[in-house]
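For the sequence shown, my numbering assigns the number 23 to the initial residue and increments by one for each residue that follows.
Using N, Cα and C, we set each Cβ at its ideal position, and we do this for glycine too.
Data block below; observations after.
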Amino acid sequence: MSAPQPAPQPTEPAAEPAAPSDPSTPGAPSYALRTLAWSAPFQWLALGWQDFRRAPAIGLFYGACFTGMGWALMWLFEHNPAWVLALSAGFLLSGPFLCLGLYQASRRLEQGQSPGFTDSVMAWSQRTATLGIFGFVLLVMEMLWGRASLVVFAVSFDGMPDFKGSLLALLDPANIEFIVAYVAVGGVFAGLIYSISVVSIPMLLDTPADAITAGLTSVRLVLGQPGVMLLWGALIAVLAALAMLPGFLGLLVVGPVIGHASWHAFRAAVDTGPGH
Numbered sequence: 023m024s025a026p027q028p029a030p031q032p033t034e035p036a037a038e039p040a041a042p043s044d045p046s047t048p049g050a051p052s053y054a055l056r057t058l059a060w061s062a063p064f065q066w067l068a069l070g071w072q073d074f075r076r077a078p079a080i081g082l083f084y085g086a087c088f089t090g091m092g093w094a095l096m097w098l099f100e101h102n103p104a105w106v107l108a109l110s111a112g113f114l115l116s117g118p119f120l121c122l123g124l125y126q127a128s129r130r131l132e133q134g135q136s137p138g139f140t141d142s143v144m145a146w147s148q149r150t151a152t153l154g155i156f157g158f159v160l161l162v163m164e165m166l167w168g169r170a171s172l173v174v175f176a177v178s179f180d181g182m183p184d185f186k187g188s189l190l191a192l193l194d195p196a197n198i199e200f201i202v203a204y205v206a207v208g209g210v211f212a213g214l215i216y217s218i219s220v221v222s223i224p225m226l227l228d229t230p231a232d233a234i235t236a237g238l239t240s241v242r243l244v245l246g247q248p249g250v251m252l253l254w255g256a257l258i259a260v261l262a263a264l265a266m267l268p269g270f271l272g273l274l275v276v277g278p279v280i281g282h283a284s285w286h287a288f289r290a291a292v293d294t295g296p297g298h
């Protein structure tokens with residue numbers, strides 16, 4: 023007699039392959055970030071200066087726009103100096119959107135092309151909807167910052183001081199409570215705007231990323247390398263503040279140089295794939 027054969031074991035169904043991750047899912051790190059050296063922000067400024075010298079007409083056009091907007095703020099809010107201070111600061115942190123044409127010029131120079139004025143001015147047309155949404159978000163945050171600053175002034179003083187008085191109030195140790203409140207409010211909005219926008223606008227111009235992915239990539243960069251990014255933010259703030267002191271005239275050069283440098287910051291920090 024032959025030995026009984028063992029009963030056949032039921033076969034398990036083959037496991038289904040895991041679904042590929044969706045790079046457009048919010049929170050998914052679609053783009054890798056590079057490690058930055060402490061010297062990187064100074065290199066970006068040097069590269070920004072080179073781009074400004076290679077395309078001076080485009081740079082001076084945007085510099086004149088920045089200066090003109092400063093003058094417009096001074097004229098429009100002549101009787102509301104708190105708005106001038108708040109919106110000037112907010113304007114600087116909305117710079118990544120306003121500098122879109124400078125990013126395009128640096129992009130063309132990087133590609134070995136000669137940047138054109140029309141191409142620079144019309145750079146927004148490549149991603150109109152996405153850039154429009156992002157720009158609107160920055161505008162709303164800037165206006166909220168301005169309103170919050172105005173409230174701080176209103177509860178700290180009897181009547182609004184003039185522009186000179188506002189500056190003196192920020193420097194007077196007797197107004198320590200006002201100074202702390204003003205800096206705290208500004209710091210919250212400044213940190214938030216800076217975190218979501220430091221590389222997001224050039225990223226939207228150069229890649230097919232959506233607004234959420236670009237914003238999250240920018241936040242990941244700031245949170246992942248806070249030291250270098252704080253240094254970069256401090257350099258931008260100091261240079262821009264110094265440029266505004268002589269009637270905003272320094273923005274003729276400092277504004278476009280920072281804009282070009284911000285393009286190189288994006289290039290150095292975000293790995294967008296082969297060829298970049």
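For residue 239 and residue 278, the rounded distance between their alpha carbons: Rounded to the nearest whole angstrom, the C-alpha separation of residue 278 and residue 239 is 24 Å.
According to DSSP, residues forming a beta bridge with residue 292: Residue pairing by DSSP places residue 292 opposite 55 in a beta bridge.
Stretch-stretch touch, CB-based, cutoff 8 Å, three pairs: the segment 90 to 97 with the segment 260 to 279: Contact between the segment 90 to 97 and the segment 260 to 279 is present, because at least three Cβ pairs lie under 8 Å.
N-terminal and C-terminal residue of the alpha helix (DSSP H) that residue 228 is part of: 222 to 228 is the span of the alpha helix (DSSP H), which, as asked, contains residue 228.
Chain C contact for residue 143 (CB, 7 Å cutoff): In the structure shown, chain C cannot be found, because there is only a single protein chain.
Whole-angstrom distance between residue 227 and residue 145, CA atom to CA atom: About 8 Å.
Rounded separation between residue 206 and residue 174 - CA only: It is roughly 10 Å from the alpha-carbon of residue 206 to the alpha-carbon of residue 174.
Option in 152, 251, 215 and 275 with minimal Cα separation from residue 235: Minimum Cα distance to residue 235 is reached at 152.
Residue 288 and residue 225 closer than 7 Å at C-beta: Cβ distance < 7 Å, so residue 288 and residue 225 count as in contact.
Cβ neighbours of residue 218 in the same chain (closer than 7 Å, five flanking residues each side left out): Same-chain partners within the cutoff: 237, 240 and 241.
Stretch-stretch touch, CB-based, cutoff 8 Å, three pairs: the segment 279 to 286 with the segment 66 to 77: Three or more beta-carbon pairs drawn from the segment 279 to 286 and the segment 66 to 77 are found closer than 8 Å, and the two stretches are therefore classed as touching.
Sub-7 Å separation of residue 243 and residue 55 beta-carbons: Closer than 7 Å, so yes.
Among 130, 199, 216 and 133, the one whose alpha carbon lies nearest that of residue 163: Cα-wise, what sits closest to residue 163 is 216.
Nearest residue (CA-CA) to residue 60, options 293, 292, 251 and 258: Taking only the C-alpha atoms, the option nearest residue 60 is 251.
Beta-carbon contacts of residue 246 that lie in its chain and below 7 Å, excluding the five residues immediately before and after: These residues qualify, in order along the chain: 55.
Near the ligand PLP: residue 203 beta-carbon under 6 Å from a heavy atom: The ligand PLP is not among the ligands present in this structure, which contains no ligands whatsoever.
Pairwise C-alpha distance: residue 199 and residue 47: At residue 47 the pLDDT is 41, less than 50, meaning the model places this residue with poor confidence and gives no usable figure here.
Beta-carbon gap between residue 221 and residue 143 smaller than 7 Å: The beta carbons of residue 221 and residue 143 sit no closer together than 7 Å.
Contact set for residue 257: own chain, Cβ-Cβ below 6 Å, skip 5 residues either direction: Its chain contains 63 as the residues whose beta carbon lies nearer than 6 Å to that of residue 257, once the 5 sequence neighbours on both sides are disregarded; these appear in chain order.
Whole-angstrom C-beta distance between residue 282 and residue 124, which should lie under 8 Å: Taking C-beta atoms under 8 Å as the contact rule, residue 124 and residue 282 qualify, at a distance of about 5 Å.
Nearest-angstrom Cα separation, counted from residue 167 out to residue 211: Their Cα atoms are separated by approximately 6 Å.
Reduced DSSP category for residue 263 - H, G, I as helix; E, B as strand; rest coil: Looking at residue 263 - three-state DSSP - the assignment turns out to be helix.
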